[in-house]
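**Q** Numbering that gives the first Met the number 0 numbers the first residue of the sequence shown as 0 and each following residue consecutively.
From the three backbone atoms N, C-alpha and C, an ideal C-beta is built for every residue, glycine too.
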Amino acid sequence: MIKNANFVKKPKSVFGYMLLSYIIGTIIILIVNYILPTPWNIHAPECWLKCMIILVIYAGLNCLFLSGGFLTKNIVLQKKAKLMFLPFLAPVILILAFMICGLTGAQIFHSSRYAQMIQVEEVDGNMILSEEDAESIALMDTASARQLGDREIGAIENFSAFNVSDDYIQLNVKEDAVKVAPLEYVGFFKWMKNKASGVTGYVSVSPTTMTANYVELQEGMHYVPSAYFGKDLYRHLHYQFPTKMIGNIHFEINEDGNPYYVTSVFDKTIGIFGGEVVIGAIITDPINGESEYYEIHEIPIWVDSVVPGDLICELYNVSHKNINGYWNGTSFGANTGCMQVTTIDTYSEDEDGEEIIEAGMDFGYIAKDGDIYVYTGVTSMAADSSNLGFIMVNQRTGAYQYVAVSSANEQSAMNAAEGEVQQYGYHASFPTLINVDDELSYIGVLKDQSGLVKMYYMVNVKDYGKVAVANTREECVSLYAKKLGLAFNEDILSSEDSNENTQKTQVSFVISVLRFADVDGNTYVYMGTEDGTVYKSLFHENEVLLFAEIGDTITGFLQNDKLTVEKIESTEVIDRF
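#1: Going straight from the alpha carbon of Trp-190 to that of Pro-181, what length do you get?
#2: Can you tell me the Cα-Cα spacing of Asn-334 and Met-380, whole angstroms?
#3: Please report how far the alpha carbon of Ile-47 lies from the alpha carbon of Glu-251, in whole angstroms.
#4: Just to confirm before moving on: does the CB-CB distance between Asp-436 and Leu-485 stay below 8 Å?
#5: Looking at C-alpha atoms only, which residue of Gly-273, Asn-40, Phe-265 and Thr-25 is the closest neighbour of Leu-60?
#6: Please list the terminal residues of the continuous beta strand (DSSP E) segment that includes Ala-180.
#7: Could you name the residues that DSSP lists as bridge partners for Ala-427?
#8: Just curious, the alpha helix (DSSP H) that Glu-417 is in, first and last residue?
#9: Return the CA-CA distance between Gly-200 and Pro-224, expressed in angstroms with no decimal places.
#10: Ordered along the chain, which non-local residues of its own chain (more than five positions away) have a Cβ less than 7 Å from that of Val-214?
#11: Nearest by alpha-carbon distance to Pro-36: which of Tyr-523, Tyr-399, Lys-243 and Ile-117 is it?
#12: Give a yes or no on contact between the stretch 455-462 and the stretch 409-420, applying the rule of three or more CB pairs nearer than 8 Å.
#13: Indicate whether at least one CB of chain B lies closer than 8 Å to the CB of Phe-362.
#14: For Tyr-525, which residues from the same chain have a beta carbon less than 7 Å from its beta carbon, with the 5 sequence-adjacent residues on both sides left out?
#15: Should Ser-20 go down as buried or exposed, given a rule of 16 or more other Cβ atoms within 10 Å for buried?
#16: Quick check on the burial criterion: 16 or more other C-beta atoms within 10 angstroms. Buried or exposed for Phe-84?
#17: Does the beta-carbon of Tyr-259 have 16 or more other beta-carbons within 10 angstroms, so that it is buried, or is it exposed?
#18: If distances are taken between C-alpha atoms only, which option among Glu-121, Lys-481, Ile-371 and Ile-567 comes closest to Val-506?
#19: Can you give me the start and stop residues for the beta strand (DSSP E) that Leu-232 sits inside?
#20: In angstroms with no decimal places, state the Cα-to-Cα distance between Ile-311 and Tyr-374.
#21: Just to confirm my understanding: we take Leu-483, look at its own chain, exclude 5 residues before and 5 after, and list those with CB closer than 8 Å. What are they?
#22: Would Gly-443 and Ala-416 qualify as a contact pair, given that the criterion is a beta-carbon distance under 8 Å?
#23: Check each candidate in Val-564, Met-360, Ser-318 and Ile-549 and name the one with the smallest Cα separation from Glu-542.
#24: Spatial neighbours of Glu-218 within its chain, please: C-beta separation below 6 Å, excluding the five flanking residues on both sides.
#25: Taking the continuous beta strand (DSSP E) assigned at Phe-508, which residues delimit it?
#26: Does DSSP put Ile-433 in a helix, a strand or coil?
#27: Should Tyr-315 go down as buried or exposed, given a rule of 16 or more other Cβ atoms within 10 Å for buried?
#28: Work out the CA separation of Ile-107 and Leu-387 for me, nearest whole Å.
#29: With DSSP as the reference, label Tyr-463 as helix, strand or coil.
#30: Of the residues Ala-160, Ala-407 and Ser-111, which one's Cα is nearest the Cα of Phe-324?
#31: So, for Gly-369: in the same chain, excluding its five sequence neighbours on each side, which residues have a beta-carbon less than 8 Å away from its beta-carbon?
#32: Take Cys-62 and list the residues in its own chain whose beta-carbon comes closer than 8 Å to its own, dropping the five residues that flank it on each side.
#33: Quick one: Cα of Ala-226 to Cα of Glu-183, how far?
#34: Spell out the partners DSSP gives Asp-370 in its beta bridges.
#35: Between which two residues does the alpha helix (DSSP H) harbouring Lys-267 extend?
#36: Ignore the nearest five residues each way along the sequence and tell me which others in Leu-562's own chain have a CB closer than 6 Å to its CB.
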């Protein structure tokens with residue numbers, strides 16, 4: 000029984016309790032850092048947040064251990080309270096420092112630096128692809144690419160373990176525009192079961208022919224974003240480059256079809272957190288995990304996407320908002336000389352199936368000179384229905400080009416195209432820009448409610464009353480040329496219509512592979528032979544192919560690479576028709 004309230008046992012070591020709290024705190028921090036890897040970089044806000052969490056954990060553990068560690072007289076309790084709560088000052092000070100640092104990069108203090116963040120070269124309309132390149136223009140958007148790519152999932156061995164990623168990237172491979180997306184693990188348990196073999200391939204979609212192809216790799220990819228623990232690509236890169244601010248991790252292939260992951264490296268160039276730009280890229284071999292960093296001017300030419308399209312548009316908007324001072328670019332200012340990229344309506348559905356229309360930045364892609372360019376219109380900050388010009392930005396180098404031309408904006412062109420087929424309720428995709436006999440023109444596709452490409456459209460940039468809509472690209476270009484009053488030029492339709500290919504060629508072959516596929520809303524029949532030749536035919540033009548079977552002999556003729564069937568003979572050489 001204690002007779003004197005001031006009597007206590009000899010206090011335990013304060014240093015011992017504090018040391019124990021720091022050891023346990025360090026273990027917790029290492030676990031948190033592994034689960035949530037973030038760059039150790041003063042310009043990264045997430046680094047500051049991580050430091051705040053670390054200090055709060057240390058302070059909390061220190062308080063917990065000291066408060067339960069020993070009983071003391073009142074005077075000792077006062078000293079102990081200081082020891083317990085003093086560590087909480089550190090995260091408070093860090094929070095205040097974070098807020099102050101945030102102001103150091105504010106546009107109001109650095110409007111001239113923000114205005115000079117990008118350099119724009121003015122070029123003429125000849126830099127835009129001409130009508131002779133119409134056949135190589137990629138008109139398919141990502142949503143349509145996903146639909147085609149998902150159809151290839153059945154061709155994948157052990158396909159239940161994988162999905163096709165939704166993150167399709169526009170590339171230019173051997174002067175051909177393609178959209179590619181890797182396979183990804185369905186979940187943790189699928190990864191555990193298949194991690195030894197890795198991700199087995201990727202899907203390549205041709206936006207020009209509207210076809211998809213699954214490419215199987217000889218060796219599986221192990222370091223991918225959908226993997227876990229040390230094979231998680233983001234975590235893998237964090238430990239390889241702990242101080243670099245990374246993002247925009249995406250899949251690409253080189254000219255030989257070999258897989259790589261390309262990761263953009265960012266920096267903040269104004270104050271502590273302001274003026275974000277891309278300064279380089281990390282290229283990773285996902286098979287063995289080897290990575291190499293390149294400055295932006297050293298990136299290999301086969302790499303197509305380094306500067307994200309959203310950042311390209313944001314940099315342009317910020318730069319031209321501050322072009323004549325901060326206050327001029329605000330709602331209180333005159334907005335003299337201020338420009339911004341155009342905004343486009345996007346369509347989606349809510350839980351009840353009701354259509355939702357949202358306005359936001361959008362852009363298209365132009366494959367040119369072996370590179371991919373982000374293209375979008377530029378308008379005044381008044382955001383009216385007209386464009387002042389267009390920007391084209393190289394996604395590998397980040398170089399901006401500007402074409403000055405007064406025109407209808409992309410939304411007006413899309414609305415004009417939709418109005419031509421309003422009875423079907425089709426939605427126009429964001430168009431691409433081409434040059435038709437020195438007339439800048441929009442070209443794009445019209446899609447149904449399920450996202451399937453149904454028709455093509457072309458609209459004159461300067462006069463969106465000149466609209467052409469047709470079922471095929473060739474018909475659309477031909478109709479548009481006539482609406483412009485141009486003499487019809489066969490070259491516009493591509494080499495398929497040249498004299499060399501318009502001649503009929505008699506063919507006869509035995510079917511070894513037979514497939515039916517829906518492309519652009521049309522059913523095509525693909526017939527392969529033993530020597531690897533593949534013949535393609537529109538089903539509605541050769542409905543007798545409904546009765547074709549493997550082993551049958553097809554006789555017909557080729558014209559413009561299209562097969563017209565004259566006769567089908569069975570293996571018993573019986574003429575059915």
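**A** The answer reads as follows:
#1: The residue given as residue 190 occupies position 191 in the sequence shown. The residue given as residue 181 occupies position 182 in the sequence shown. Each residue's alpha carbon lies about 15 Å from the other.
#2: Start at 1 with the first residue of the sequence shown, and residue 334 comes out as number 335. Start at 1 with the first residue of the sequence shown, and residue 380 comes out as number 381. In a straight line, the C-alpha of Asn-334 is about 7 Å away from that of Met-380.
#3: As a first step, residue 47 is located in the sequence shown; it is residue number 48 there, counting from the start. As a first step, residue 251 is located in the sequence shown; it is residue number 252 there, counting from the start. Looking at the sequence provided, one finds Trp at residue 47 rather than Ile. So the two alpha carbons sit approximately 32 Å from each other.
#4: Within the sequence shown, the letter at position 437 stands for residue 436. Within the sequence shown, the letter at position 486 stands for residue 485. The answer is yes: Cβ separation under 8 Å.
#5: If you number the sequence shown from 1, residue 60 lands on position 61. Selected option, being the one with the closest Cα: Thr-25.
#6: Here residue 180 refers to the residue found at position 181 of the sequence shown. Where Ala-180 is concerned, the enclosing beta strand (DSSP E) stretches over 175-184.
#7: Residue 427 sits at position 428 when you count from the first residue of the sequence shown. Ala-427 is bridged to Leu-445.
#8: Locating residue 417 in the sequence shown gives position 418, where the first residue counts as 1. Glu-417 -> alpha helix (DSSP H) spans 409-419.
#9: Working through the sequence shown from its first residue, we reach residue 200 at position 201. Working through the sequence shown from its first residue, we reach residue 224 at position 225. So the alpha carbons of these two residues sit roughly 14 Å apart.
#10: Position 215 of the sequence shown, counted from the start, is the residue given in the question as residue 214. For Val-214, where only same-chain residues beyond five positions count, the Cβ hits under 7 Å are Gly-200, Tyr-201, Ser-203 and Gly-256.
#11: Start at 1 with the first residue of the sequence shown, and residue 36 comes out as number 37. Residue Lys-243 is the option with its Cα nearest to Pro-36.
#12: yes
#13: Absent here is chain B; the protein component of the structure consists of one chain.
#14: By 1-based counting over the sequence shown, the position of residue 525 is 526. Closer than 7 Å at Cβ, skipping near neighbours: Arg-514, Ala-516, Val-533 and Lys-535.
#15: On the sequence shown, position 21 is the one that residue 20 refers to. Classification of Ser-20: buried, given that the 10 Å Cβ count is 16 or more.
#16: Against the sequence shown, residue 84 aligns to sequence position 85. With fewer than 16 other Cβ atoms within 10 Å, it is exposed.
#17: Counted from its first residue, the sequence shown places residue 259 at position 260. Its Cβ being crowded by 16 or more others within 10 Å, Tyr-259 is buried.
#18: For the purposes of this step, residue 506 is identified with residue 507 of the sequence shown, where counting begins at 1. The shortest Cα separation from Val-506 among Glu-121, Lys-481, Ile-371 and Ile-567 belongs to Ile-567.
#19: In the sequence shown, residue 232 corresponds to position 233, counting from 1. No beta strand (DSSP E) holds Leu-232; the alpha helix (DSSP H) holding it covers 232-239.
#20: If you number the sequence shown from 1, residue 311 lands on position 312. If you number the sequence shown from 1, residue 374 lands on position 375. Taking the straight line joining both Cα atoms gives about 10 Å.
#21: Position 484 of the sequence shown, counted from the first residue, corresponds to residue 483. Excluding sequence neighbours, Leu-483 sits near Val-435, Asp-436, Glu-438, Asn-459 and Lys-465.
#22: Position 444 of the sequence shown holds residue 443. Position 417 of the sequence shown holds residue 416. Taking 8 Å as the Cβ cut-off, Gly-443 and Ala-416 qualify as a contacting pair.
#23: If you number the sequence shown from 1, residue 542 lands on position 543. That would be Val-564, whose Cα lies nearest to the Cα of Glu-542.
#24: Sequence index remark: in the sequence shown, residue 218 carries index 219 (1-based). Cβ within range, chain order: Ile-286.
#25: Counting from 1 along the sequence shown, the entry for residue 508 is found at position 509. Phe-508 -> beta strand (DSSP E) spans 504-509.
#26: On the sequence shown, residue 433 is found 434 positions in, with the first residue counted as 1. Residue state, collapsed to three classes: strand.
#27: Here residue 315 refers to the residue found at position 316 when the sequence shown is read from its first residue. Buried is the call here.
#28: Numbered from its first residue, the sequence shown carries residue 387 at position 388. Numbered from its first residue, the sequence shown carries residue 107 at position 108. If I take the Cα positions, the gap works out to 26 Å.
#29: Counting from one through the sequence shown, the residue named residue 463 turns up at place 464. Coil.
#30: Here residue 324 refers to the residue found at position 325 when the sequence shown is read from its first residue. Note on identity: in this sequence residue 324 is Gly, with Phe being the wrong assignment. Gly-324 has its Cα closest to that of Ser-111, out of Ala-160, Ala-407 and Ser-111.
#31: In the sequence shown, residue 369 corresponds to position 370, counting from 1. So the qualifying residues of the chain are Asn-171, Glu-174 and Ile-300.
#32: Within the sequence shown, the letter at position 63 stands for residue 62. So the list reads Met-83, Phe-84, Pro-86 and Phe-87, once near-sequence residues are dropped.
#33: Position 227 of the sequence shown holds residue 226. Position 184 of the sequence shown holds residue 183. Straight-line Cα distance between these residues: approximately 8 Å.
#34: Here the question's residue 370 lines up with position 371 in the sequence shown. Its beta-bridge partners are Lys-367.
#35: By one-based count along the sequence shown, residue 267 stands at place 268. Not the alpha helix (DSSP H): Lys-267 falls in the beta strand (DSSP E), residues 258-269.
#36: Position 563 of the sequence shown, counted from the start, is the residue given in the question as residue 562. The residues are Tyr-534, Ser-536 and Gly-555.
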